[in-house]
Each structure stands twice: as structure tokens, then as C-alpha cells.
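Novice:
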DNA sequence: TATTTTTAACTAGCATACAAGTTAGAAAAA
DNA sequence: TTTTTCTAACTTGTATGCTAGTTAAAAATA
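Residue numbers (the working numbering), protein chains in the order written: chain Z, 1 to 227; chain X, 228 to 454.
#1: Of all the alpha helix (DSSP H) runs that stay within the bounds of the region 39-65 of chain Z, which reach a length of 4 or more residues?
#2: Can you tell me whether residue 303(X) is helix, strand or coil according to DSSP?
#3: Give the single residue among 434(X), 270(X), 341(X) whose Cα lies nearest to the Cα of residue 390(X).
#4: Residue 80(Z) CB to nearest chain X CB: under 8 Å?
#5: For residue 49(Z) and residue 282(X), I'd like the C-alpha separation in whole angstroms.
#6: Show which residues of chain X have a CB atom less than 8 Å away from the CB atom of residue 12(Z).
#7: Please classify residue 2(Z): does DSSP put it in a helix, a strand, or coil?
#8: Taking all protein chains shown into account, decide if residue 443(X) is buried (16 or more other Cβ within 10 angstroms of its Cβ) or exposed.
#9: Measuring CB to CB, does residue 328(X) end up less than 8 Å from residue 423(X)?
#10: Below 9 Å on C-beta distance, what does residue 146(Z) contact in chain X?
#11: Should residue 301(X) be labelled buried (16 or more other beta-carbon atoms within 10 Å of its own) or exposed?
#12: Should residue 313(X) go down as buried or exposed, given a rule of 16 or more other Cβ atoms within 10 Å for buried?
#13: Report all residues from its chain with a CB closer than 7 Å to the CB of residue 141(Z); omit the five preceding and five following residues, and keep chain order.
#14: Kindly indicate which residue of 60(Z), 32(Z), 33(Z) has the alpha-carbon position closest to the one of residue 17(Z).
#15: Whose Cβ in chain Z lies nearer than 7 Å to the Cβ of residue 289(X)?
#16: Is there a Cβ from chain X that is less than 8 Å from the Cβ of residue 97(Z)?
#17: Nearest to residue 190(Z) by alpha carbon, out of 126(Z), 220(Z), 165(Z), 104(Z)?
#18: Just reading off the alpha helix (DSSP H) that residue 16(Z) is part of, what are its end residues?
#19: Whether or not the region 376-386 of chain X and the region 149-160 of chain Z are in contact is what I'm after, with contact meaning three or more pairs of Cβ atoms, one per stretch, closer than 8 Å; do they touch?
#20: Check the C-beta distance from residue 72(Z) over to residue 64(Z) and give it rounded, since I have them as a contact under 8 Å.
#21: Quick one: grab the DSSP three-state call for residue 67(Z).
#22: Enumerate in chain order the residues of its own chain whose CB-to-CB distance from residue 53(Z) is below 7 Å, with the five nearest sequence positions on each side excluded.
#23: Measuring alpha carbon to alpha carbon, tell me which residue in 38(Z), 107(Z), 20(Z) is nearest residue 31(Z).
#24: Indicate whether the contact test is met: 3 or more Cβ pairs, each with one atom in the region 340-351 of chain X and one in the region 404-411 of chain X, closer than 8 Å.
#25: Closer than 8 Å, CB to CB, is residue 92(Z) near chain X or not?
#26: Could you tell me which residues DSSP puts in a beta bridge with residue 34(Z)?
#27: Could you name the residues that DSSP lists as bridge partners for residue 449(X)?
#28: Name, please, each residue of chain X whose Cβ falls closer than 7 Å to the Cβ of residue 103(Z).
#29: Using the Cα positions of residue 5(Z) and residue 91(Z), report the straight-line distance between them to the nearest angstrom.
#30: Enumerate in chain order the residues of its own chain whose CB-to-CB distance from residue 62(Z) is below 7 Å, with the five nearest sequence positions on each side excluded.
#31: In whole angstroms, what separates the C-alpha of residue 446(X) from that of residue 306(X)?
#32: Count the other CB atoms, across all protein chains shown, that sit within 10 Å of the CB of residue 201(Z); report buried if there are 16 or more and exposed otherwise.
#33: Confirm, please, whether the CB-CB distance from residue 130(Z) to residue 123(Z) is below 8 Å.
#34: Please return the same chain residues whose Cβ sits closer than 7 Å to the Cβ of residue 265(X), not counting the five positions on each side in sequence.
#35: The alpha helix (DSSP H) spanning residue 178(X) covers which residue range?
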């Protein structure tokens, strides 16, 4: 497990949640593996309590399955849960990009534009940085629409989806993702909800094609009930 | 605080979460009041630990604001968070009722129909029972579409909305709510997504009108940043 | 009396200890 | 050898005590 230093502003519980989340999403902790509270607590230099609380939160999104008195199972890649996460993101964010056409102020547009400039700069240079900018772009849409609580809920479920996305980093064309973002931005700037909706749905559709490839290529991580 | 008996199948943590949730939604615990872990633990006959964990989960939806070393503030009625909850429910469930038109099997339709029959039976007889049946009706839609994880996420946020709904029980016309449900059901049965969408949006629109009435009538519970 | 300082009683975060249930392997019995 | 029983080492759930920080009222000072 990769253990980054603790940020001084976060509590031990938040630190534990952040580190475990990152390690699960990056597949550093493998799907289907068992992790114990004590084991993680020792690795992070904490007691069981904050780790236990982080585990509880992770279990709410079913990314971690707590088996009382047995242990904690890092969930296998589950197509049903990925479908739910995709459904939630697409449904919510499609509605948001339409609303953003009305709500986006000049400063919001500038922030989106700055983010896109960075995406274009890091394109084919730093995949991790690009992924972070991608997440930031989507988060900005929520902020423009004053829907940060929805962002938290969607993010929690998206962990299933994010884990697959990191698997597919090499097969997805970063170039197209960034140009998709540009198209969404242009539609918001032009205050054209129909175009924004269309551009967003085209964007999200790209992650559909990957699933078939991934499910064949990484089947050791795919849960049984996935087809 | 109303303390129902502990269900033998639930853990102390789940029990604490259920009891506190019910008391907050029913306004038995007033918006803006402070509650302590020890106080609730004593009332429920538990130690602080499971109550602490229940508080953490409640704080995730911002229905409870944990102020470290100070106490826990039961959130005031917040129009922004209600708007988010409404937005999430309307957006997600509008998409679901469309999908349900394809996905609903004969048995699903029968379950919806049974639920509706009970709603019609309890109409103007038992408001609490009707509310429970309403919740069950919406939950069935999620189950038909295999989106129970989304249901959990939406439910958590809906607490803000549910708290207002209980305030508005007398002003909302139960008769219309039940006939709305019937219209949604008919559309799903006829496999008509456009009609289902329209019926659902008409249904949810009813809760818009109430807000203005409630915000004037119960202003002692409304947070400052609400307009 | 008015203002500052102190103190004692709170709070939640966290560490630790124990309780209760599971599991795998050793030991005993067939 | 094979099967069964037992035991010891695990697991998470929960209780308890301690820590650090906040608050409000009492006490000291002006």
C-alpha cells in the first residue's frame, strides 16, 4: 500500500479514508483482497478507531464489504455497481450541464477555460495530472450549479467507475476526452442546453466501449455476477 | 426523543442511526437544536461508540453538523440542501420511470398495483401509513431498475426534503399524490416512457408550491441563508 | 461596578481493552 | 489414514478512558 504523508488539516479518520480510497481506486489494493483494520492502522501509524470509521464510510458505497468477525473484502469489479455509478453520473451531470448554461457566470467560464488549457497542455505528457484535471472539470460543473452535496454522493458511487477508468487509461483516447470537454465548455459558453446535453452524452458514451475490452482483459478482477 | 425498541437483526450502530434519523425527520428533534453523543447514547441504552458512528453517517448528508469539541447541531431547514435533494430525486427518478417502462416485469407491475391499492385504501385514513406506502412506491421503481445503491444515496440526501414533507402533510393534497402515482403506474404498464416522465414530473412539481407556504409558516426552523 | 483571568465542566477525536463470533490447524478419536 | 473435536489465533463490534479543545460561569483584578 502507498502511504502518502498526512495532511495537517485533516483528521486521522479523513486521512485514513483518503489513503485507503486512493489505494483502492489505483488498484494498489487489489479487488477481491482482504484487508484488516489493524493491518491498515499499523501501516498508517494510527489506532483502529479512525480506520474503522473510514471502513464504515467505504462500505456505504459497497466498494468495501465488511464481514463482521471475519474481515473486510475489497469488492471485485462489479458491472452492476459500475452501471449504477455510470447511470448516476450521466443522469445527474447531463441535467447539470443544461442548468450550467443559465447559471455559469463569467468567472465560472474562465475557470473552466483555465482547466481546459491545462488539460490540453498535459495531454500525452502526464496521464495522472490529466485525470486529476478531468475530475476537477466535472467538479466545477457541480459547483457552478451549487450542487456540491450531489457531487459528494456521486463521487462516492463513482469509485466503482473510477477503478475501471484507471484500468482503461491506455485504451481510452485522452485526446478525445479533452476535445469532448472543450465541446461541453463551448456549449455552456454559448448557453445552448441542447448542445451541452449532446456533447456530454457523447463524452460519457466513450466509457461504454471500453467495458467490453476491459472485462475480457482483466477478468481476474471481475466478480462472478458480472456478465 | 421517541425511542422504539431495538430490532434484533440490527447492530447497535444501525439502531442508533434509525432512531436518530426518524426523530430528526419527524421533527421530534428540532432543527437547530444541539444533541450530544452521550445524551443520545444514554437515551438509547448504548455506549458512545455506535452513536458516534451513526452521527458520522448523518453528517455525510449534512443533516447533522458535527462541531468538534463543541457538539452536534441538527441542521436548520436549508433551502439549498432541499433544492439539491429535490433536484437529485427528480433527475434520477425521472430517468428511472422511463427505464422502468422497459424493465418492469409482470410481477413488478403487480407489486406496484398492490401498493397503489393500499394507498387508495389508507387515503384520508392514516397519513403515516400513506407516507410509508409513498416511500415504498418510489423504492419499488429503483428495485425494478436494479438501482438500489442509487436509492441509498438519494435517500440519504432526501432527509432534508422528507423533513419538509412532514411539515407540509396537511397542506399537500394526499388525494392528488395517490392519483399521481396511479398515472405513473399506468404509463409504466403501457410502456410509454414519455407519459411516465410527464406524470412523474407533474407529481414532483406539487412539492414546489408548498415551499413558499412552509417557509412563511415555520420560519423558526428555516436557516438564514434560505431566502 | 466593570473587566479580565481562571477554572471547572462540558464536547468529540482517538487509543485501548474486551466481547463475541469465525476460522484454520492441531490434537484426539475412529 | 480419515474424521471429528477442540483450541488458539484471528476478526469486527462495542465499551471505556484519556486527550485536546471549547465554553460559560466563577473569581480575581481594575
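Every residue, glycine too, gets a C-beta built ideally from N, C-alpha and C.
Specialist: Taking the coordinates as given:
#1: 48-60
#2: coil
#3: 434(X)
#4: yes
#5: 15 Å
#6: The contacting residues do not exist; residue 12(Z) stays about 12 Å from chain X at best.
#7: coil
#8: exposed
#9: yes
#10: 307, 310, 311
#11: buried
#12: buried
#13: 93, 96, 97, 100
#14: 60(Z)
#15: 149
#16: no
#17: 104(Z)
#18: 12-25
#19: yes
#20: 6 Å
#21: strand
#22: 13
#23: 20(Z)
#24: yes
#25: yes
#26: 73(Z)
#27: 304(X)
#28: The contacting residues do not exist; residue 103(Z) stays about 12 Å from chain X at best.
#29: 36 Å
#30: 75, 81
#31: 12 Å
#32: exposed
#33: yes
#34: 275
#35: Residue 178(X) falls outside the range modelled here, since chain X spans only 228 to 454, and no answer is possible.
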